[in-house]
Amino acid sequence: MRITAVKIVRLDTGAGEFGIAWSPTVLRVETDEGIHGVGEIGLPMGNVAHGQVGLARDFCALVLGMDPFDTTAVWERLYRSTFWGMGGGTLIFAVMSAIDIALWDIKGKALDVPVHRLLGGQTNTRLRSYASQIQFDWSPRMGAMVKPEEYAEATRKALADGFDCVKVNPIGFDLAGTWMGWNTRGVLTAEQVRTAVDRIAAVREAGGDDLDIIIELHCHTDAGTAVQLGRELERFRILYYEEPTAPLNWKAMAKVKRELSIPIATGERLYTAFGFRPFIANQVVDIAQPDLGTSGGFTETKKIADMAAVYDIGVQLHLIGSPISTAAALQLEAVLANFVIHEHNNTSLMPDNVASCLYDYQPVDGYYAVPDLPGIGQDLTPEAYAKSETLLVN
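Each step along the sequence shown adds one to the number in my numbering, with nothing skipped, and position 349 is 332.
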């Protein structure tokens, strides 16, 4: 079997909210045996729409003629022969990830088995999930949650859908409802701290003692303000504290861990085992959060998870994007002995996003079943292919 072409598909799923660009991009790898595989570049949001497509054109050309079963050889070629690959970076590893996911999808389809069977078999039969990003509400259309009672109502909606865990950024919106509308580095004002505490208190009251709460900070804070806020939030029995500061300096993250009793999580802006190594080896994180679509695909992310397991560190895959990303994540999560919980982002409720793919995988009573179709068990619909902008590399 040989790779004959790659289609770069930019999905048309509508504009993003609150100035956050939304442009999922999927790679469809074609073979001479008529089997194709799909993988999503894990950068559906942010200002990288054109850059990821351009790099995909360059990198996809390098895999033409290769055997899709040789996933390690493909990974090594992209990493070592492109010069810039060995320096890494967000775009490079995201494109490599999508190619890798598509190749594993092909292998599963060719062998008529789901990918998790090829990665070690199913360890987890039911995958607990959480309602992610409820500061945008928990509904098919996002909103700006400002008042504590709005956070409480979003929590009740998630509970009604069967979730017993939610993730929330309590400082993302200022009091005018503007995303990232205030400075949260240096020193937090009394008003900012009070606002965050009131919002989390409302979530805790609405959810009761049994609700698990993950605090998301999106690196909006620095190490100092993360500690300042974390000390005020410790009373609410927080499950873990996500991205309390930027990940490029692991020692800054270590400072946060030393100062707080809340478990620390990070990883969506770390790439490959090299990027995760200092955080894991120095036990800076309690939960590692690689994104399958940026951290190196199945080939590399399994290595990250196994390295984390050596240090008794749990893994929660970061997840945002189209249902292609969801299906791929479920395949790896089924395998991992150190799996913690699945991120069910509110983008998975967006009607246009859901309609872009053949299957609508959603949790039932807060738990996912593992798809058992061959490959990753997902593909774009004919309609999504037809209306998307597609570039052919052959």
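Using N, Cα and C, we set each Cβ at its ideal position, and we do this for glycine too.
Looking at the structure shown, is residue 80 part of a helix, part of a strand, or coil, going by DSSP?
helix
Please check the pair residue 204 and residue 230, which I expect to be a contact at CB under 8 angstroms, by giving their CB distance rounded to whole angstroms.
The pair is not a contact, with the Cβ atoms about 13 angstroms apart (cut-off 8 angstroms).
Drop a sphere of 10 angstroms on the beta-carbon of residue 66, count the other beta-carbons inside from all chains shown, and report buried for 16 or more, exposed for fewer.
exposed
Does the separation of the CB atoms of residue 341 and residue 97 fall below 9 angstroms?
no
Taking the C-alpha atoms as reference points, what is the distance between residue 189 and residue 283?
40 angstroms
When you compare only the Cα positions, how much space is there between residue 43 and residue 146?
39 angstroms
Residues near residue 134 by beta carbon distance below 6 angstroms, same chain, minus five either side
128, 182, 185, 186
With residue 315 as the anchor, note down where its alpha helix (DSSP H) starts and where it stops.
306 to 316
Boundaries of the beta strand (DSSP E) in which residue 109 is found, first to last residue:
109 to 115
Could you pull the start and end residues of the beta strand (DSSP E) that residue 150 belongs to?
148 to 151
Quick one, which of 343, 346, 235, 266 has its alpha-carbon nearest residue 293's?
266
Could you tell me the alpha carbon to alpha carbon distance between residue 7 and residue 295, rounded to whole angstroms?
Cα to Cα, the separation comes out at about 33 angstroms.
Segment contact, 8 angstroms Cβ cut-off, at least three pairs: the stretch 116 to 123 with the stretch 174 to 181
no
Given a cut-off of 9 angstroms, decide if residue -7 and residue 371 are closer than it, judged by their beta-carbon atoms.
yes
Leaving out five residues before and five after residue 68 in sequence, what residues of the same chain have Cβ atoms less than 6 angstroms from its Cβ?
These residues qualify, in order along the chain: 61, 62, 75.
Between the CA atoms of residue 64 and residue 141 - distance to the nearest angstrom:
Residue 141 and residue 64: Cα-Cα distance of roughly 47 angstroms.
What's the gap between the Cα of residue 338 and the Cα of residue 345?
Spanning the alpha carbons of residue 338 and residue 345 requires a straight line of approximately 13 angstroms.
Which same chain residues end up closer than 7 angstroms to residue 167 when comparing Cβ atoms and leaving out the 5 residues on each side of it in sequence?
If the five residues before and after residue 167 are omitted, its C-beta is found closer than 7 angstroms to the C-beta atoms of 154, 175, 203, 204, 208, all from its own chain and listed in chain order.
Candidates 87, 35, 27, 36: closest to residue 54 by CA position:
Considering only alpha carbons, the answer is 87.
Buried or exposed for residue 297, going by 16 or more other Cβ atoms inside 10 Å?
By the 10 Å Cβ count, residue 297 comes out buried.
Can you give me the start and stop residues for the alpha helix (DSSP H) that residue 181 sits inside?
173 to 190
Indicate the three-state DSSP secondary structure (helix, strand or coil) for residue 232 in the structure shown.
Secondary structure of residue 232 (DSSP, three-state): coil.
Excluding the five sequence neighbours on either side, which residues of its own chain have a C-beta within less than 8 angstroms of the C-beta of residue 215, listed in chain order?
Excluding residues within five positions, the ones whose Cβ falls inside 8 angstroms are 176, 179, 180.
Give me, in chain order, the residues of the same chain whose beta-carbon lies closer than 7 angstroms to that of residue 158; leave out the 5 immediate sequence neighbours on both sides.
For residue 158, where only same-chain residues beyond five positions count, the Cβ hits under 7 angstroms are 129, 178.
Label residue 258 either buried or exposed according to how many other C-beta atoms from any shown protein chain fall within 10 Å of its C-beta, with 16 as the threshold for buried.
buried
From 4, 262, 11, residue whose alpha carbon lies closest to that of residue 368:
11
Among all the DSSP beta bridges, which residues are the ones paired with residue 383?
Since the first and last residues shown for the chain are -16 and 377, residue 383 lies out of range.
Apply the 10 Å Cβ neighbour rule to residue 27 and answer buried if 16 or more other Cβ atoms are within range, or exposed otherwise.
buried
Out of 49, 47, 17, 5, state which residue places its alpha-carbon closest to the alpha-carbon of residue 30.
5
Is DSSP giving residue 31 helix, strand or coil here?
coil
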